[in-house]
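My numbering runs 6 ahead of the 1-based position in the sequence shown.
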Amino acid sequence: MERSDQELISAIKKGDQESARMLYERYYDRVVRISWRYLRSWEDAMDIAQEVFLRILGEKKILSFRGDAQFSSWIYKITANLSLSFLTRNRKKMESRQMNIMDSQFTQAQLSEYPGQLHNLEVLEKVKHLGKALSALPGLYGKCLYLRYFEGHKY
């Protein structure tokens, strides 16, 4: 039976390294995807994910987690803040990077939602149009829709 986030966090607070590993494995991919959404670079997103977990687990920030909100919301906020800080520090690098949501990684990730239809050109076209539409939305609207429909967030 899989342990809940709260059970893992309680065990981590008592020094259980195995629970820390389990929490890391549970959230690593999600943290990378969230960061990629801001940075559009898998390499930078993986660096941010590493920094997120170093702060949470290595610097013992998890000890300050009160449980008022879900752990997933807490780690999302930390990831978003670190990603935005990275963008601020590296603005010139980020401005030179093409900010097209439809790079090959996005296309493949979204097509994985349609098992057995990877060869279907109609599905590929729909994904491309959706990506262009999300990219065209102002401000955080595209990010909100992406998080809701591709990451499964309920808020």
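Even glycine gets a Cβ: it sits at the ideal position worked out from N, Cα and C.
Residue range of the alpha helix (DSSP H) that residue i falls in?
| i | result |
| --- | --- |
| ASP11 | 11-19 |
| LYS83 | 77-95 |
| ASP22 | Note, ASP22: premise wrong, no alpha helix (DSSP H); not H, not E. |
Rounded to a whole number of angstroms, what is the C-alpha to C-alpha distance between residue i and residue j?
| i | j | result |
| --- | --- | --- |
| LYS132 | LEU151 | 16 Å |
| GLU8 | LEU45 | 32 Å |
| GLU57 | LEU93 | 14 Å |
| VAL38 | ALA51 | 5 Å |
| SER78 | LEU90 | 18 Å |
| TYR34 | GLU24 | 15 Å |
| ARG36 | HIS135 | 24 Å |
| GLY73 | ARG32 | 18 Å |
| PRO144 | ARG95 | 22 Å |
Using the rule of at least 16 other Cβ atoms within 10 Å of the residue's Cβ for burial, across every protein chain shown, is residue i buried or exposed?
| i | result |
| --- | --- |
| LEU140 | buried |
| GLU49 | exposed |
| GLY137 | buried |
| SER147 | The question names Ser, but residue 147 in the sequence shown is Tyr. Exposed. |
| ALA75 | exposed |
| ALA55 | buried |
| LEU69 | exposed |
| VAL97 | As written in the sequence, residue 97 is Arg, which differs from the Val given in the question. Its Cβ having fewer than 16 others within 10 Å, ARG97 is exposed. |
| ARG43 | buried |
Please return the same chain residues whose Cβ sits closer than 7 Å to the Cβ of residue i, not counting the five positions on each side in sequence.
| i | result |
| --- | --- |
| LYS67 | ARG61 |
| LEU88 | ILE54, GLU57, VAL58 |
| ALA26 | ILE18, LEU63 |
| TYR82 | ILE40 |
| GLN12 | GLY73 |
| LYS149 | ARG43 |
Give the DSSP-derived three-state secondary structure of residue i in the structure shown.
| i | result |
| --- | --- |
| ASP74 | coil |
| LEU140 | helix |
| SER41 | helix |
| MET7 | coil |
| ARG27 | helix |
With a threshold of 6 Å (Cβ to nearest heavy atom), would residue i be considered close to the ligand MN?
| i | result |
| --- | --- |
| LEU140 | This structure lacks the ligand MN, and indeed carries no ligand of any kind. |
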